[in-house]
Structure formats: C-alpha cells, structure tokens
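Below is one structure; the comments refer to it alone.
2 protein chains.
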Amino acid sequence: MTTLHFDTLLLPTGWTDGVTVDIASDGTISAVRGGTTPPAGAERQAIGLPGLANLHSHAFQRGMAGLAEVAGPSKDSFWTWRQVMYRFLDRLTPEDVEAIAAELYVEMLEAGFTSVGEFHYLHHAPDGGWYDDPAEMAGRIATAALKTGIGLTLLPVFYGQGGLGGKPTEHQQRRFASSADSFGRLVEGARRHLAGLPHARLGIAPHSIRAVTPESLGAVTGAFADGPIHIHAAEQTKEVEDCLAWSGRRPVEWLIEHAGVGPRWCLIHATHMTEAETVALAGSGAVAGLCPITEANLGDGIFPGTAYLGAGGALGVGSDSHVRVDLAEELRLLEYGQRLRDRSRNVFGREGQSSGRLLLEAALAGGAKALQRPSGAIETGAVADIVALDPEHRALVAARGDRIIDGWIFAGDQTAVSAVWVAGRKVVAEGRHVDREPIRARFSRTMRRILA
Amino acid sequence: MTTLHFDTLLLPTGWTDGVTVDIASDGTISAVRGGTTPPAGAERQAIGLPGLANLHSHAFQRGMAGLAEVAGPSKDSFWTWRQVMYRFLDRLTPEDVEAIAAELYVEMLEAGFTSVGEFHYLHHAPDGGWYDDPAEMAGRIATAALKTGIGLTLLPVFYGQGGLGGKPTEHQQRRFASSADSFGRLVEGARRHLAGLPHARLGIAPHSIRAVTPESLGAVTGAFADGPIHIHAAEQTKEVEDCLAWSGRRPVEWLIEHAGVGPRWCLIHATHMTEAETVALAGSGAVAGLCPITEANLGDGIFPGTAYLGAGGALGVGSDSHVRVDLAEELRLLEYGQRLRDRSRNVFGREGQSSGRLLLEAALAGGAKALQRPSGAIETGAVADIVALDPEHRALVAARGDRIIDGWIFAGDQTAVSAVWVAGRKVVAEGRHVDREPIRARFSRTMRRILA
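Line by line, the protein sequences are chains A and B.
Once you know that position 6 of the first sequence is 29 in my numbering, the rest is easy, because the numbers rise by one and skip nothing.
Once you know that position 69 of the second sequence is 92 in my numbering, the rest is easy, because the numbers rise by one and skip nothing.
Shown next as structure tokens:
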C-alpha cells in the first residue's frame, strides 16, 4: 500500500486540508481522510488534485507539431492541413509510432493528464496491407502507455469509406481503411494487447459520418456490446454542408436520430450545432469531446459552450493533433473562445464561482465518463490518478482554494505540475517524467530520421 | 567587447549559419558575420533570434494574475474586472510595486521579451496625494528594470478626468489622476530616474479618450516634442458607443482626426475598428499594440488583423495585464483569434510563408518602433537584444529555418528559451534569469502579505 499526504487537496466535497490518501496494490484508492497530520511513511505533498483524462488523441500527429504552419496554395484550411498529415503518416513504421506516442504520453503526464483516449486509425503497413499482427500498431500504442504509465482507453478506428455515399477510400487513406468484418479482427487484436495494462479499457471509434455507411456504422456499434464509442462530428462547416446534402440532416442531428447516441458515446468537436442540436446532445447523456487548441489551430470554429453547459451537457478535453500539449492552456482556451465570441468574462459560472474550478471539474467528470475510467475524483474505489502542484510556482504564489485552480489554468502551464501518480504509480517527480530522458532521446532520433 | 557565435541565426536577410556577433561595450552590435566558425573566446549557442519588445505593460497587475477569474454579480465583463483591479492597487506601496515589477520583468526575459513599454499609471500615495518625489513610483519601475536588465521605455500616464465630457475622477482613480500641468512634473521626474539606465527611453501615455479632454490631450502631447506616445483605444464596445455618443466619432476615427496620430503613436488594442478606420490606422504610420492574451481574458473581441496587415499596418504585442507572460502564446493567440473568426488557417501569409516567422517579424519591427528602441533585428548599430533557443526542446526537435519559429510559436513556450542578452548583458542562462531566486522570494513575501 502507498500512502500520500497533502496539505490541501480537492475532494468531491471541495478543498480540504490535511488529506491522507491510501492506495491499494491494485492502484485504486482504499481510503481518503481529511483533517489529518502526515502518517509515518507517507509521501508528503502540498497541493493535490485529481488527474485529468485527455479524451482525444491521434498519437502519431505529435510528430507533426509545427510542420503545418506554412500557408497553402489558396485559402488555407483544415483540408490542406489534412494533406500534410497524410504525407507525414506515409513514412511511419511501428517503431516510429511507439517512439512518438511515448514522447507524447510523457508530455501529457508532465502536464497533468493521467489518462488518454487514443483514437487510433493508423493500422496498416505503408502499402496498405495488414501487418502480420493486424493490431501491430495498436500494440505499439499499448507499449507506449505501459512504458510511460499513462492510463489508456484504446479506441481502434473504423474507417470504412473515403467519403459520404460509399465513396471508395483514396490511396492516401490506405493505411487506415477496413471493412466492418475485418474491423472485428482489429478490435480483438487490440484487446489482446491491453491484457497486460492495469485499468486499460477498450472502446471503438467509427471515424466520422463521412467514413462510414449507415449500415457499417450499425454493424460495428452493434457488434460492440459495451465500452465507449467515439466519433468525430461537426468539426468543419464543409462537413456540415456535405452531410446536409447527403442526408438532409446536420451531423449531430443525424447521429442522434440514426446512431443511438447515448451515455457510451463521445462526439469529438461538435463545433457546429444549432440550438436544437446543442440541447439534444446535452440531453443524450453523451460527452462532447472538445479540443480547443487544435480547433483553434485548424480554424474550426467555437463550440457553443455556454448553451451546452446551460443545458446540462457533459464535456471533456483532448489535445487531438498535439500541436501543443498543455492541460491548463486547453481549458483556458475553451473559456477564451467563449469570452471572445460573447465579449464577456467568466462565461460559464454563477456569481462567486471560480471559472478554473468549474472548467476543471466539468472536464474531470466528462473525461472520466468518455474513457469509462473510474477516475476524475479522489474518492474510495476510484483509480488513484492524482496530480500535485508546486506551491512555489510563479502562478500559484500565496494561492489557496479555488485560486490555486484559477492560477494554474489562467496563469500557469505544465511547469506548475510537480508530481503525478497514475493508478498509484508515481510517474512524474519534480516536474519530470521518471523516464523522460531515454524516451525523448529516442523521439529525437526518430524525428531526425523522418525529417532528414 | 563580447562575442557570440550561433550555429544558425535569424538575420534581416533570413536564416544564416555560422553567425558571429560582436557587441561593443555600449551594448550595441558592432559587427555581424555569417558563414564563420566560432572565434576563440566566443560564447557558442545553437539558435539565435532578435529579442522582442513587450510593448504594453501595467507591471503591478502581475500581482492580480488568477485573482479575477470568479464570476461577478451579473453579466461579467471588463468593467467588473476593473473593479477588482482598483481594489488590488489600493493596497500597493512603492516597495510592493518594485517587487512585483521585478518578478514580472524576470518572467518577460525568460520568455524572450527583451524590452518593455511600461504604461505606468500608479503614481500617487494611497490617499491620492503626491509622494515627496512625484515620480517615486516611476523610479521603482526604473529600479526593477535596472535590477533585472530588461530594456525600458517608460510611458508615464496622463489621467486627467474620470470619464468623457469632463467627468471628475472617482475616489478609486485617485492614485493616477493629474492635471496637464502637474503631469509635466511627473514626466520630468521620470526622466531623472532613467538617467542611469542604458538605452532607456521616455515616452508619454495619455490613458484613453475617456481620461482626457481634447484640450488636455493637445497640451500634454504638444509639450512632449519627441519620444513615443501610447494610448488605449477601442478595447471595448461600450467605449466605442460612449465615444460615438460624445463626439459622433468612433475612438480610432476621433484620434486620427483630432490627435495627430502618426509614426510616434501606438494605439493599444484598437480592437473595434470599421474597415475605414483599419485602413486609416495602417496608413498613419502608428503601431497597433495588441495584447491577445489579455484581450481574450477580458473578452474584448478580435482585432481585424488580416485587413490591417493587408493594408500594410504595423503591429506589436504586449502582455498588458500579465495574466500570463509568454511570448509564444501571445503570438499564437493573435493568429488563433483570426483563424477562429475566419474558419481558416495560416491567415496572414502568402503561399509557402511560415506563419510563425511572419508573426514574429511583424511584432519585432512594430515593437521596436513603438518603443523607439533600435532593436528587433540583429544588425550593426542595433542594441544587442538577442534570444537563444534550446535545440533539444521538445518543440524544436530536428527543426531548421522557419520550422524553428513555427515550433516555438505554435508548439512551444518560455521553456524553449535558453539564454537572453539585453544590450549585450546576459540576463538569462540555461532558461533562468540570473537573479530569479532572490527576486521571486521577494515577490512571494510581498504577495503573501498583500493577500493575507
């Protein structure tokens, strides 16, 4: 058993001083007691918070960070960015993917993310053929998670067609295409790779409405009895127009009417929704998976956040393309998009409520739900995903209670994180992942070769 | 003489390998040679860039970072934030201001800002009376700049009235009010405090249209024959409405028609402009002083950046309220606001142009102009304000040429900065200001006392 003691810690009931947390050998919390002095043998920390789920990741895209900030031939958009991404992934070997994913997960952990939803679509060999192990690439993701210690919810992607109306996949999509039948092999292969990973979870991810037919979407979700289902939806206005032209329905509307969207579902982006869609998604029990930094970088647009939270919707955040991996920045940019649109401040809260705490608690609950990981709160029975902050950090000087969260989210960044435990295993100490150096060295070698 | 050598460095002509930079004892660059090997005795670095001006700062507000992220009584806005700011500044002594400013300037330098435009309005004692030295507070700013080494352009603020139409200043504005006559004493006092500061510059800052009369604005600018003139303009829509009701003109329109706005001027924010105002400001030779992080935090709105740069306008950036001090984030948020509004990417550039380089070079030129500091380019005769980046930083792995800038601006932060020289004096080494520890300790003691 591990015992931690915090001078102050955010419990589901609020900030509490003198908290002792006992962690059982299975990585779950066995007891939480406030108002205590540090027990003998306990590791002592100043400030404790629950670790946050990063609910949307395409790990290999971390290698592209900074490579796509060059203007394209005409009006530059998501769709020109996608061409850069296709060219980049053409070159990647399984070893490359493992090296990039490990670096990414180190960065996530150092930022305070304790679990990741890996929306994994790079399945096949460069020629489009299956690897001997159909889940070779999924296995590399699992290995990166095991080596770094991040909590993993693996979401193998079903990519059944190249575009709406049964359009065949293009040459540049050959590494992620499968049929509904062959997708089953992928999912079972991925399940085997998760066997050695404590508290890992398996879900599925139909890529988007444009990448499935109504029949294949029904087949893959129908064959998957439990576990989370993630799908990209309504990220780009062109996607909304295409879906309207194809079905007479907008993407979120179509999914709610035809796909059985409910509490197992996470709709990634959900940027472009009417008021009716916003209320319907909030009422469905699904999670909106927001990626504010990527959505800003790709020029997607601004999520209708105030209306959605006002209707009781669940949300979480993910770093998606990983152009930047920072928990605090992800949450503040979610808030800043709303502020800029509404020309207002502290847009989500009621009088006296801290914006940082409201954002963090919403993302903790929504992220845990979307990844089906019993986390996001420090309480008995939960997985022990815990973050400690540095009370001497420049953004936290003299901070108490919710001011700690506001300082971290609005004035801070990953350098405020001093220690991180995932399922009770300490993976970040003094702000650095315990294996940062060899993992970064391998990543550097990999990137030098790819970009040479 | 100091000699630096860089494996690669951004010159006005572009990225150049093997650059030797000679710095004279007066802190200016005496020679720059590309294609060289490191001379004996030279300090060797990997990546060099010009240091950037932070053109808009209210230093004491750094102490408020994270304190105002709590929802107010009704629709929360800039105007409720201002109430928090007024309460905070009520308590500050000259010693407090020096301690906070020194911490702020350390953070700026560590982020790669090498000079600051201090828009300084906290002049008087808590009871509203003058200090024995009318420029006591200005002297504290100068001391903080001297101790930390940041380049200073000091802009004492003229705050002549409480609101449009000759409204008297309110009780909570008592620490910054002066008449046009007494303002002259402040300016002369500030000039004396700058005597010991190498390359420091004195300007003036009429606070905003609402804080001056046409007559007093004419008097203070007329009495100040050279040096920069900065003014807040069109940050908030309410301010635009008030100015229209008062004069029949919008703020930027009014300033261009009545105040002689030209190359000495810097209009801070300039957020809300018509197309005609945008073109007129661009053509005036003035600099638009943008503060993207603060403008997002305060819910101001989005600057018409593409139209303004398209019309040939000059711009620079400042961290204003200092809710967060990071050069890379300031520039990327400038770009992201445009992308979110236009639902497009790489909005400023022509085909093949790096967004990071375009943003950085625009801000280097505009910032140097707004502060009247011969900097922003590494060339003979310029002040030696230089930043070195860490080639092993996670955002810069395997980067060359403009990819270095894109990596820093879009994927990086202050942790990518490894060394900084201001006027040839090395003030940041291995990512840390040389006096970070004592300055932070004093700041922490100050904040604990203020917030107790």
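Glycine residues also receive a C-beta, built at the ideal position from the N, C-alpha and C atoms.
The model shown is predicted, which means the values in this text are computed figures rather than measured ones.
- Within the same chain, and ignoring the five residues on either side of Arg-459 of chain B in sequence, the residues whose Cβ sits closer than 6 Å to its Cβ are Val-129.
- Interface criterion met: the Cβ of Trp-104 of chain A is under 8 Å from a Cβ in chain B.
- Contact annotation, Val-440 of chain B with Glu-133 of chain B: C-beta distance approximately 6 Å; criterion of less than 8 Å satisfied.
- DSSP places Ser-97 of chain B outside both helix and strand once states are collapsed to three, so it counts as coil.
- Under the DSSP assignment, Pro-237 of chain B falls in the alpha helix (DSSP H) whose first and last residues are 237 to 245.
- With 16 or more neighbouring CB atoms inside 10 Å of its own CB, Met-87 of chain B falls in the buried class.
- Annotation for Glu-141 of chain B: the continuous beta strand (DSSP E) segment containing it runs 136 to 143.
- Under the 8 Å criterion on CB atoms, Ser-80 of chain B is classed as non-interfacial with respect to chain A.
- Nearest CB-CB separation between Tyr-359 of chain B and chain A: below the 8 Å threshold.
- Taking the CA atoms as reference points, Glu-159 of chain A sits about 28 Å from Lys-392 of chain A.
- Between Ala-282 of chain A and Leu-220 of chain A, the C-beta gap is not smaller than 8 Å, which leaves the two residues out of contact.
- The contact set of Glu-121 of chain B on chain A, defined by CB atoms closer than 8 Å, is empty, because the minimum CB distance reaches about 16 Å.
- Pairing Thr-403 of chain A with Ala-54 of chain A gives a Cβ-Cβ distance under 8 Å.
- Taking 8 Å as the cut-off between beta carbons, the residues of the region 376 to 388 of chain A near chain B are Gln-376, Ser-377, Ser-378 and Gly-379, in sequence order.
- Within the same chain, Arg-85, Ile-462, Arg-463 and Phe-466 come within 7 Å of Glu-126 of chain B by CB-CB distance, once the 5 residues on both sides are set aside.
- Within the region 306 to 384 of chain A, the runs of beta strand (DSSP E) at least 3 residues long that lie entirely inside it are, in chain order, 310 to 313 and 337 to 340.
- The region 70 to 80 of chain B makes contact with the region 372 to 392 of chain B, as at least three CB pairs between them are under 8 Å.
- Taking C-alpha positions only, Tyr-331 of chain A is separated from Ile-428 of chain A by approximately 22 Å.
- Proximity of Asp-365 of chain B to chain A, defined by a Cβ-Cβ separation below 8 Å, is satisfied.
- Secondary structure at Ser-270 of chain A: helix, using DSSP grouped into helix, strand and coil.
- Nearest CB-CB separation between Gly-324 of chain A and chain B: below the 8 Å threshold.
- Ranked by Cα distance from Pro-157 of chain B, the first of B:Val-275, B:Ala-200 and B:Arg-380 is B:Ala-200.
- Segment contact: the region 336 to 345 of chain A against the region 404 to 423 of chain A, fewer than three CB-CB distances shorter than 8 Å; contact not assigned.
- Taking 9 Å as the upper bound on Cβ-Cβ separation, chain B lies near residues Ala-319, Asn-320, Leu-321, Gly-322, Asp-323, Gly-324, Ile-325 and His-345 of the region 319 to 345 of chain A.
- Shown here, His-295 of chain A sits in coil according to DSSP, grouped into three states, outside any helix or strand.
- At a beta-carbon threshold of 8 Å, the residues of chain A lying near Asn-369 of chain B are Glu-92, Val-93, Ala-94, Gly-95 and Asp-99, ordered along the chain.
- Between Gly-71 of chain B and Leu-32 of chain B, the gap from beta carbon to beta carbon is short of 8 Å.
- Note: Thr-36 of chain A is not bridge-paired with any residue in the DSSP secondary-structure output.
- The region 247 to 258 of chain A makes no contact with the region 348 to 363 of chain B: fewer than 3 CB pairs, one atom from each, lie closer than 8 Å.
- Selection A:Ala-213, A:Leu-313, A:Arg-198 and A:Gly-324 evaluated against Leu-350 of chain A yields A:Leu-313 as nearest (Cα-Cα).
- Only those residues of the region 432 to 444 of chain B whose C-beta falls short of 7 Å from the nearest C-beta of chain A are listed: Phe-433, Ala-434, Asp-436 and Thr-438.
- Under the 8 Å criterion on CB atoms, Met-470 of chain A is classed as interfacial with respect to chain B.
- Of the candidates B:Asn-369, B:Asp-204 and B:His-222, B:Asn-369 places its Cα closest to the Cα of Ala-91 of chain A.
- When DSSP states are grouped into helix, strand and coil, Phe-199 of chain B belongs to the coil group.
- Note that the region 44 to 58 of chain B does not touch the region 374 to 381 of chain B; fewer than 3 beta-carbon pairs, one per stretch, sit closer than 8 Å.
- Contact annotation: Gly-360 of chain A and Leu-363 of chain B have beta-carbon atoms nearer than 8 Å.
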